[in-house]
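Count the sequence shown with the working numbering and you get residues 22 to 958, in order. Please read the structure below before turning to the comments.
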Amino acid sequence: MSYNKRDEEAGDVGLFYHVDKTVVLQEARVFNSSPINARKCRLLLTKIVYLLYLGEPFTVKEATDLFFNVIKLFQSKDTSLRQMMYLVIKELSGIAEDVIMVTQSLIKDIQSKQETIYRANAIRALCLITDPSMIQGIERILKAAIVDKTPSVSSAALVSSYHLFDVAKDIIKRWSNEVQEAINTKSSGGLGFASAASSYFSSGSQSSQNQAIISTSNIHQYHAIGLLYLIRQHDRMAITKLVQTFSGTRSTGGFLGGGSNTSILKNPSAVCMLIRFASKVMEDDPSSTRRIFELFEGFLRHKSDMVNLEAARAICDIPNIPAKELHSAISVLQLFLSSPKPTLRFAAIRTLNKLSINSPTAVAPCNLDIENLITDSNRSIATFAITTLLKTGNEASVDRLMKQISGFMNDISDEFKVIVVEAIRSLCLKFPAKQAIMLSFLSNVLRDEGGYNFKKAVVEAIFDMVKHIPESKDTALSHLCEFIEDCEFTKLSVRVLHLLGIEGPKTVTPTKYIRYIYNRVILENSIIRAAAVSALAKFGVHGRDEEIRKSVHVLLSRCLDDVDDEVRDRAALYLSMMDNQDLAKKYVTDDSTYALPTLERQLAEYISNPVQSTQEFKLESIPVISKSQEEEERRRNQPSDNAILPLLSAPSNKGSATAASPGVGTPVSGKNNFVSSLDQQAIYAEELAAVPEFASFGALFKSSVKPIELTESETEYIVHCIKHTFAKHIVFQFNCTNTLNDQLLENVHMIMQPEIEGLVQVAEIPAEKLEYDIPGNIYVAFEQEDPEELANVTFTNTLRFEIKDCDPTTGEADPEGFEDEYQVEDIEVTTSDYIRSSYVSDFAGEFEGLSDNEAIDTFALDKEKAHNLKSMQPLEGSESPKNNSVHTLLLSGTFLDGSKVLAKCRMTFNTSTGVAFELAVRSEDVNVSQIVLLAIS
22 MSYNKRDEEA
32 GDVGLFYHVD
42 KTVVLQEARV
52 FNSSPINARK
62 CRLLLTKIVY
72 LLYLGEPFTV
82 KEATDLFFNV
92 IKLFQSKDTS
102 LRQMMYLVIK
112 ELSGIAEDVI
122 MVTQSLIKDI
132 QSKQETIYRA
142 NAIRALCLIT
152 DPSMIQGIER
162 ILKAAIVDKT
172 PSVSSAALVS
182 SYHLFDVAKD
192 IIKRWSNEVQ
202 EAINTKSSGG
212 LGFASAASSY
222 FSSGSQSSQN
232 QAIISTSNIH
242 QYHAIGLLYL
252 IRQHDRMAIT
262 KLVQTFSGTR
272 STGGFLGGGS
282 NTSILKNPSA
292 VCMLIRFASK
302 VMEDDPSSTR
312 RIFELFEGFL
322 RHKSDMVNLE
332 AARAICDIPN
342 IPAKELHSAI
352 SVLQLFLSSP
362 KPTLRFAAIR
372 TLNKLSINSP
382 TAVAPCNLDI
392 ENLITDSNRS
402 IATFAITTLL
412 KTGNEASVDR
422 LMKQISGFMN
432 DISDEFKVIV
442 VEAIRSLCLK
452 FPAKQAIMLS
462 FLSNVLRDEG
472 GYNFKKAVVE
482 AIFDMVKHIP
492 ESKDTALSHL
502 CEFIEDCEFT
512 KLSVRVLHLL
522 GIEGPKTVTP
532 TKYIRYIYNR
542 VILENSIIRA
552 AAVSALAKFG
562 VHGRDEEIRK
572 SVHVLLSRCL
582 DDVDDEVRDR
592 AALYLSMMDN
602 QDLAKKYVTD
612 DSTYALPTLE
622 RQLAEYISNP
632 VQSTQEFKLE
642 SIPVISKSQE
652 EEERRRNQPS
662 DNAILPLLSA
672 PSNKGSATAA
682 SPGVGTPVSG
692 KNNFVSSLDQ
702 QAIYAEELAA
712 VPEFASFGAL
722 FKSSVKPIEL
732 TESETEYIVH
742 CIKHTFAKHI
752 VFQFNCTNTL
762 NDQLLENVHM
772 IMQPEIEGLV
782 QVAEIPAEKL
792 EYDIPGNIYV
802 AFEQEDPEEL
812 ANVTFTNTLR
822 FEIKDCDPTT
832 GEADPEGFED
842 EYQVEDIEVT
852 TSDYIRSSYV
862 SDFAGEFEGL
872 SDNEAIDTFA
882 LDKEKAHNLK
892 SMQPLEGSES
902 PKNNSVHTLL
912 LSGTFLDGSK
922 VLAKCRMTFN
932 TSTGVAFELA
942 VRSEDVNVSQ
952 IVLLAIS
């Protein structure tokens, strides 16, 4: 039979041409022949596997009949036929009935001492068809196979045990000694993986053969150490001991001074697995960092390239590692950069690329070797090389780099182009003096062919240059104008037009941008025309030149005849605004806006509620924020941002509590799993108002922006706290999770003890029970003893509960339990809990109007006390210093009594004295000004 390319292209010759299930089932009688025709049976088994992998549906009866025909091949001694038979048995076992009938035949093959090649296949098939409840019956066979001298048999038993772990944890946990013995077992001759690899690569070079044998010999160690970790994964000390046992002494990568003279592990994959376990130990126990670092350094001298790379990667991933400690790992990676093997070059440059994000100076010595990879035939390697150089290069090398990249961009896909553009985007902000050459490069690639994501990345990079590098603004806007002349993406055209409308009127020659914008009104679709009208209007409203205002008025008047109603309506609106400056100031020049997520949510509730819909919608209940704050909220609400506060669900603790309370760890389902902090505040308010114990507290003033972690994430019980401030009360919401699957917590209370007087506990809602991995909530409410004296107090907290042991599999708890306590971190109530952020559009005017109620002081910056300022809203972009020595921060907030609070912080930095801090606080109440000032000073 021919298998050449011409036959495949012809489409009328081949093994699988028109394979039909019915014909295959009819041909299954060949399995009953005597003597067995091995060649025909192998061919038929191949067709069956092909149909199964193709997804051809077999009925239960068809699969059962076929299964019992196939198992008749146990009488054959043909090795390749038997191997195919085992494969078909495994595939049919999930469909056919009564497959357990073949158990004895499989056990016979496993216990055979002559035909060792059958044994591994038989073990895999047996473990797949055996019912989980019957695993105990084959336990002795599997334990013997695990410690078998033949590596293939041992590996088959170990891998099968790994897959059975989820359904038979308790049984397999008893095999820990056998698994550890398997690691110590030396590879025997037999039909092991090394000999198989040697024969497979017999046609290759000697080095290829050696590498294959090194990577596959003693492979049972890799499988064994993986299973051993699975058995011990919840025991931190056992994992530490595992790493200690198998790492050897310091001279060969030792750990804790234990082990033998050399590492027990001979298989490179197993050593790599051990390195990952050691990284986990270091993550759980930071005090072991030094000892594990020495372990990794030892593995840098291992004879296997795989181990060298894994050890170097592990060292580079150590948090906050000093640059001098990275030298040994970087030296190893630098050697691999010039390796003839593409896989080694790729692994090395990828690791260095990741390291360059946080430690560019440490990677910089490798730049000469990395530059040689720019022309690498593997485009992935070349891309990583380019992006690494962009992160680590100095200002002098920028020109040379940009020239090299220019010829490189045409040879890579859009996906890699985006990576390069993102790196250049960072470089632009790092070296503003080189903005001209980088802007020229970005404008050139903007003219090249490319998809939406690529063009969007380039446009975003230019936007950042306009925002952060004022010198580049005119040139950048000109390039963007040229781009929209021939832009095929409507979204990008709209975004560019919006930017031109904001930045164009501020330039020296705004008229040149008006021409490009009006061209869009004439030539583009209705969406772009509408955006162009809005951009034009800003030139008329913000323009300082009367001639420009008249020109814009004429152009907008022409848009009144547009065929699209959106364009006409916008033109009419903006013409009215140009004639009414008060209207323009309110809707165009004002930098404030409503919190749109909150507005959308409340409007939806208003429409859906028949009672509310008869009343007037109160727009003043929607928070007013700045447009920059809205942009920041939009950025934070992206799912990839870990700083987002998710909306979480947890079961209620009492009938009085709501059914869905914010917890920790589980975002809500739906199209958007994340909500803004302002919308989250509204959700908290509704949930607390539904609790009868809190109904008399009044309106919620403020909730914590982020949950406060009171425990480590790896502890038995995870507790987070959210503080809710009312006019006279503070409610502490504790989101608790039980991470132990063999315990049930009932009647869970939080005992809070204030260090000083000032707050009195008035209510508590405990959690009825905490089941494994199901969040629950505890509420504790305190009242201010004297509303005139707001308490700043620290609470010590103890979790008190009743523990009941339970079955990890069924969750059934013992009837009897015992009382226990668990100490968690303290909670502080500070002045920042009595202030919430708010926005004012005219800070200078508002601040001047409160001059009679000023409190001012000068002091050195204290990070702890300055934390109280975080509860106020930064204004006019003052949150980002523009000068390294002098900066003024403008803040706005609302105090608990409703008083407006404004603060002006003048900061000066001196290398000898540090940061000097002058804070002027003004409020509608002079006492509030003093309270806020005292909280900082």
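The beta-carbon is built from N, C-alpha and C at its ideal position, and this holds for glycine as well.
Nearest-angstrom Cα separation, counted from residue j out to residue i
i	j	result
Thr528	Val302	58 angstroms
Glu735	Pro289	30 angstroms
Ala678	Ala716	Bear in mind that a pLDDT of 35 at Ala678, under 50, signals an unreliable position, so the model cannot answer this.
Thr310	Ile252	24 angstroms
Ser998	Leu731	In the structure as shown, the chain begins at 22 and stops at 958. Residue 998 is therefore absent and cannot be evaluated.
Ser899	Gly779	36 angstroms
Ile445	Gly797	47 angstroms
Leu358	Ser325	16 angstroms
Val517	Glu897	23 angstroms
Ile116	Asp794	34 angstroms
Thr408	Glu331	22 angstroms
Phe753	Tyr843	18 angstroms
Leu347	Asp306	20 angstroms
Pro78	Ala344	59 angstroms
Cys337	Ile351	8 angstroms
Leu765	Met258	24 angstroms
Leu295	Asp918	59 angstroms
Proximity winner among the options, relative to residue i (alpha-carbon distances)
i	options	result
Leu912	Leu617, Asn905, Asn904 and Val922	Val922
Leu721	Ala706, Phe715, Lys903 and Glu733	Ala706
Val850	Met773, Asp863 and Cys926	Met773
Glu436	Ser401, Gln96, Lys749 and Asp590	Ser401
Lys639	Asn630, Ile646, Leu624 and Ser647	Leu624
Met771	Ala703, Asn762, Asp841 and Glu837	Asp841
Thr124	Ala49, Phe367 and Phe95	Phe95
Gly247	Ser238, Thr511, Cys293 and Leu594	Cys293
Arg6	Leu389, Asp397, His745 and Ser434	Not covered by the structure: residue 6. The range shown for the chain is 22 to 958.
Ile777	Asn813, Leu761 and His750	Asn813
Gln242	Glu199, Thr80, Asp583 and Phe864	Glu199
Residue i: first and last residue of the uninterrupted alpha helix (DSSP H) it sits in
i	result
Asn474	Tyr473 to His489
Tyr250	Ile240 to Arg253
His574	Glu567 to Arg579
Tyr627	Leu617 to Ser629
Asn329	Asp326 to Cys337
Met599	Asp586 to Asp600
Leu917	Unbroken run through Leu917: none, as it is neither H nor E.
Leu791	No alpha helix (DSSP H) contains Leu791, which is instead part of the beta strand (DSSP E) from Ala788 to Leu791.
Ile162	Glu160 to Ile167
Phe803	It is not in any alpha helix (DSSP H) - Phe803 instead sits in the beta strand (DSSP E) that spans Gly797 to Gln805.
Pro363	Pro363 to Asn379
Unbroken beta strand (DSSP E) run spanning residue i, endpoints
i	result
Val645	Val645 to Ser647
Val752	His750 to Asn759
Pro3	Limits of the chain in this structure are 22 at one end and 958 at the other, which puts residue 3 out of reach.
Lys129	No beta strand (DSSP E) contains Lys129, which is instead part of the alpha helix (DSSP H) from Thr124 to Ile131.
Cβ neighbour criterion (16 or more within 10 Å) applied to residue i
i	result
Lys129	exposed
Ala417	exposed
Asp187	exposed
Asn379	exposed
Pro618	buried
Ile121	exposed
Met155	exposed
Asp600	exposed
Lys82	exposed
Gly158	exposed
Gly225	In this prediction, Gly225 has a pLDDT of 42, which is less than 50 and means its spatial position is unreliable; what the coordinates show is noted afterwards. Gly225 comes out exposed.
Asp169	buried
Unbroken beta strand (DSSP E) runs of length 3 or more, entirely within the stretch 809-880: which are they? 814-826, 839-850 and 856-858
Tell me the start and end of each unbroken alpha helix (DSSP H) in the stretch 408-433 that is at least 4 residues and wholly inside, in chain order. 419-429
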